[in-house]
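Inspection log for the structure reproduced underneath, given as structure tokens.
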Amino acid sequence: MNSQRILSLFCSMYMIAFMAYMLAPLAIMAAASFNVSSIPTISPWKGFTMEWFSILFRDRILWDATLNSIIIAVGVILLAVPTGLAGALLLMQMQSKSRNLLYAILISPILTPGVIVGISTLIFWNKLGVSGGLFLSVIGQTSFIASFCMLIFMARLQRFDQSLEEAALDLGASQQQVFFKVTLPFLRPTVLTAIGISFLQSFENYNTTLFVIGAKNTMTMRIAGMVRLGLTPETNALAVIFIVLTIAAAVAFELKRRVEKRREAVLKEMKKREDAAIPLIVSDSFPDKMPDMAA
Amino acid sequence: MNRYFQRYGKAMTAYIFLTTSLWLLGMVLMPQLLMVDYSFWYHDEGVQAIAMKEADRLEAQLDDIDAAITVAESKLDSAVENARPVIETHIAELEAKAGAMEPLFEPLDEAIRNPPRIYGFKNYIYLLTNTLHRSIFVKTMLFSLLVTFIAFALCYPVAYYLSHVAKGHRTGIIIMGLMVPYWVNEILRTFAWLMILSRNGLANSILSFLGLTDQPVDFLNSDSGVVIGMIYCYVLFMVFPIYNTLETLDHNQIEAARDLGASWIKIHRTIAIPYAKPGIAVGCIMTFMVAVGTYAVPSILGGTSTLWFTQIIYSWFFDGGNWNQGAAYAFALLVLCVTFVMFMMRFFKVSLEDIAR
Chain F
6 MNSQRILSLF CSMYMIAFMA YMLAPLAIMA AASFNVSSIP TISPWKGFTM
56 EWFSILFRDR ILWDATLNSI IIAVGVILLA VPTGLAGALL LMQMQSKSRN
106 LLYAILISPI LTPGVIVGIS TLIFWNKLGV SGGLFLSVIG QTSFIASFCM
156 LIFMARLQRF DQSLEEAALD LGASQQQVFF KVTLPFLRPT VLTAIGISFL
206 QSFENYNTTL FVIGAKNTMT MRIAGMVRLG LTPETNALAV IFIVLTIAAA
256 VAFELKRRVE KRREAVLKEM KKREDAAIPL IVSDSFPDKM PDMAA
Chain U
656 MNRYFQRYGK AMTAYIFLTT SLWLLGMVLM PQLLMVDYSF WYHDEGVQAI
706 AMKEADRLEA QLDDIDAAIT VAESKLDSAV ENARPVIETH IAELEAKAGA
756 MEPLFEPLDE AIRNPPRIYG FKNYIYLLTN TLHRSIFVKT MLFSLLVTFI
806 AFALCYPVAY YLSHVAKGHR TGIIIMGLMV PYWVNEILRT FAWLMILSRN
856 GLANSILSFL GLTDQPVDFL NSDSGVVIGM IYCYVLFMVF PIYNTLETLD
906 HNQIEAARDL GASWIKIHRT IAIPYAKPGI AVGCIMTFMV AVGTYAVPSI
956 LGGTSTLWFT QIIYSWFFDG GNWNQGAAYA FALLVLCVTF VMFMMRFFKV
1006 SLEDIAR
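First to last, the protein sequences are chains F and U.
Residue 70 in our numbering sits at position 65 of the first sequence, and the numbers go up by one each step.
Residue 808 in our numbering sits at position 153 of the second sequence, and the numbers go up by one each step.
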């Protein structure tokens, strides 16, 4: 068992090293934002300052660019989430052979490098007389973010008990009622996830936007410009804000996951007791018989 | 189609089909096809050059006529009364000549602005024969494979640890810790390494402290800096897919193998890695794709001697102004990616459905 212990010690050390590798660069970057030095560095440490944050908050160009990023992200959410949902609903009901082909084409934007998505969008819309700008950025980003949304919806729909819809239809609900009162409530948490993922993907995007943004600026484009020319710790101050927001989001996500896990466990326990109490009514098989009865 | 009507009703069915087809055609297929079309033609520069020359010649003639008119007009003022009609007719003649030449410019302008297209492989042949571009293409491919391989080697133990060694809350905390670098802007992650790798950055301080180097290493103008930054930026595209598949592996299988005396190498080789294949395939595909298609990392960490293929594509569009050439380069990159995806799917025997999970 001694070798086992060495192995597990090695394992732990590896994990510590890996986490340090992932987090230390961010920590160094964050620390440099408080250094007086006018180039971003932590050695030599010239003293503590908040000056770079106040410069950051006065940076009009950056905040204008951020506004553009938000406009684009909202546009992407409005287009990509309903589009992804439509694609998922279409594929879920499809059974023919062409399903695989359609599926492959609809997820291909994810497997295509972002620059190529940008280039094809630029060429296509240029032909229609539209040149780069906020609109093209929305279109270009939507083409692949919709694929992500579609996958998120499909994963959720696969766990959807279709007999619920059938039951509602049999009981006389119209198709619209079924969609808005049965399917959509089931998808509600997924819609929120899709909105969140779309926003992040859009806000962070660089490779696609680079080709379709034209003369406009987004926050990510602006950061890239700041990093390439005229590097000051202002960029580090921005990084601190990003890191704090990401940590907050990650903590919120983790807490939500734990609450859900606990709720699922409670539900499972309740169901177990219920099943034990009334073993004669096999509630699970009931909906399956509904269509036969209707026929 | 009937199934959709029955299930969703008319309005919903219309929305589903209309939206999906707009996406499919307007955002995916048609733009891609047009890009491919662009890559196969070029403007006939010969015709353009001839038209320009001809336009210049006509322009010169026109200038001569204008000069003659000016001369004649200056004569007109000082001319005696009965010479005037002669000069006036002469001017009228010249003006008529100039006027007659105007329509000649139209087709020439058209040929200069929009020279005829010639379909052919010229754009691709250029990529194959330009040794610099060809070598950058090959370099981009090889370094992306290297990044993918290193990312896999780094990440497999992490994914295994998260799914089968770590217990309870610790998994959650580690994943939370990994989410932070995963979601922080790619540019900022690269910037962190710009600080570390710069001449008087942390990496050089450590190297000289350990006495390994006597003068600073210039990471930022060598491919090593780009590769180091890329591994950091894209390593997590590998962790999460492998973790997701390994998580569903029943731990009892590993326990059983261990009880039966299998060494840990054998457990990984015969149980864990074969089981994780779909995850490994997805991780490799995603990592390779972002590495091959990145513009951010090489443009920030690299110098002029470390150009990445995406940077050449960019310069065809925005510096060179030759979109056709750029489209051909982009399509070559796309073919490389598709080939890699196909190869990985064949090699790991996974389907597209597994990839998207």
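Cβ atoms here follow ideal geometry from the backbone N, Cα and C, with glycine treated the same way.
Who are the neighbours of residue i on chain U, taking C-beta pairs under 9 Å?
i, result
"residue 10/F", "Per Cβ cutoff of 9 Å: no residues; residue 10/F is ~13 Å from chain U at best."
"residue 212/F", "841, 945, 948, 949, 950, 951 and 965"
"residue 154/F", "By Cβ distance, chain U contributes nothing, its closest Cβ being about 11 Å from residue 154/F, past 9 Å."
"residue 25/F", "What residue 25/F touches in chain U: nothing, since even the nearest Cβ is about 10 Å away."
Starting from residue i, find everything on chain U with Cβ-Cβ shorter than 8 Å and list it in chain order.
i, result
"residue 328/F", "Nothing about residue 328/F can be reported from this structure: the residues present for chain F run from 6 to 300 only."
"residue 28/F", "832, 835 and 836"
By DSSP, does residue i sit in helix, in strand, or in coil?
i, result
"residue 108/F", "helix"
"residue 831/U", "helix"
"residue 663/U", "helix"
"residue 773/U", "strand"
"residue 979/U", "helix"
"residue 697/U", "strand"
"residue 165/F", "coil"
"residue 53/F", "strand"
"residue 40/F", "strand"
"residue 963/U", "coil"
"residue 890/U", "coil"
"residue 821/U", "coil"
"residue 674/U", "helix"
"residue 120/F", "helix"
"residue 879/U", "helix"
"residue 929/U", "helix"
How about residue i and residue j: do their beta carbons lie closer than 9 Å?
i, j, result
"residue 698/U", "residue 770/U", "yes"
"residue 227/F", "residue 955/U", "no"
"residue 909/U", "residue 819/U", "yes"
"residue 89/F", "residue 160/F", "no"
"residue 834/U", "residue 251/F", "yes"
"residue 1005/U", "residue 933/U", "yes"
"residue 852/U", "residue 109/F", "no"
"residue 97/F", "residue 850/U", "no"
"residue 947/U", "residue 799/U", "yes"
"residue 45/F", "residue 236/F", "yes"
"residue 76/F", "residue 139/F", "yes"
"residue 158/F", "residue 93/F", "yes"
"residue 749/U", "residue 727/U", "yes"
"residue 91/F", "residue 671/U", "yes"
"residue 949/U", "residue 889/U", "yes"
Just to make sure I have the definition right: I need the residues of chain F whose C-beta is within less than 8 Å of the C-beta of residue i. Which are they?
i, result
"residue 763/U", "Going along chain F, no residue has its Cβ under 8 Å from residue 763/U, so there is no contact; the nearest lies around 25 Å."
"residue 981/U", "124"
For residue i, which residues of its own chain have a beta-carbon under 8 Å away from its beta-carbon, when the five flanking residues on both sides are left out?
i, result
"residue 317/F", "Because residue 317/F is not part of the residues shown, which for chain F are 6 to 300, the question remains open."
"residue 244/F", "31, 34, 35 and 38"
"residue 922/U", "909, 912 and 913"
"residue 752/U", "720"
At a CB-CB cut-off below 7 Å, which residues of chain F make contact with residue i?
i, result
"residue 857/U", "33"
"residue 849/U", "232"
"residue 685/U", "129"
"residue 922/U", "Within 7 Å Cβ-Cβ: nothing; residue 922/U doesn't reach chain F, min ~11 Å."
"residue 1002/U", "The premise fails here: residue 1002/U is roughly 16 Å from chain F at the closest Cβ pair, so nothing lies under 7 Å."
Suppose the cutoff is 7 Å on Cβ atoms and the five residues either side in sequence are ignored; what does the same chain contact list for residue i look like?
i, result
"residue 82/F", "200, 203 and 204"
"residue 297/F", "Because the pLDDT of residue 297/F is 42, which lies under 50, any placement of that residue in the model is unreliable, and the number read from its coordinates should be weighed accordingly. Result list for residue 297/F: empty, nothing under 7 Å."
"residue 281/F", "none"
"residue 694/U", "778, 979, 982, 983 and 986"
"residue 143/F", "77, 80, 81 and 84"
"residue 906/U", "819"
"residue 837/U", "891"
"residue 155/F", "89, 92, 93 and 111"
Going by beta carbon distance, what residues of the same chain come within less than 6 Å of residue i, once the five residues before and after it are set aside?
i, result
"residue 995/U", "943"
"residue 826/U", "817"
"residue 936/U", "999, 1003 and 1005"
"residue 772/U", "696"
For residue i, go through chain A and note every residue whose CB falls closer than 8 Å to its CB, in chain order.
i, result
"residue 39/F", "The structure shown contains no chain A; the protein chains it does contain are F and U."
Under 7 Å Cβ-Cβ, which residues of chain U neighbour residue i?
i, result
"residue 206/F", "Near residue 206/F there are no residues of chain U at all, since even the closest Cβ is about 10 Å away, more than 7 Å."
"residue 119/F", "948"
Could you name the residues of the segment 983–1000 of chain U whose beta carbon sits closer than 7 Å to any beta carbon of chain F, in the order they occur along the chain? The segment 983–1000 of chain U vs chain F, Cβ under 7 Å: 985, 988, 989, 992 and 996.
Contact residues within the segment 689–705 of chain U, judged by C-beta distance below 7 Å to chain F: Within the segment 689–705 of chain U, the qualifying residues are 689, 690 and 693.
Contacting positions in the segment 122–137 of chain F - beta carbon closer than 7 Å to chain U: Cβ contacts with chain U: 124, 125, 126, 128, 129 and 132.
Residues of the segment 173–185 of chain F whose Cβ lies closer than 7 Å to any Cβ of chain U, in chain order: Those residues of the segment 173–185 of chain F that come within reach of chain U (Cβ to Cβ, closer than 7 Å) are 179, 180, 181 and 184.
Name, going along the chain, the residues of the segment 809–820 of chain U whose beta-carbon falls closer than 8 Å to a beta-carbon of chain F. From the segment 809–820 of chain U, only 809, 812, 813, 816 and 820 have a Cβ closer than 8 Å to chain F.
For the segment 659–674 of chain U, which residues have a beta carbon sitting closer than 9 Å to at least one beta carbon of chain F? Those would be 659, 660, 661, 662, 663, 664, 665, 666, 667, 668, 670, 671, 672, 673 and 674, in chain order.
Got a sec: which bits of the segment 249–264 of chain F sit with their beta carbon under 8 Å from any beta carbon on chain U, in order along the chain? Residues 251, 252, 254, 255, 256, 258, 259, 262 and 263.
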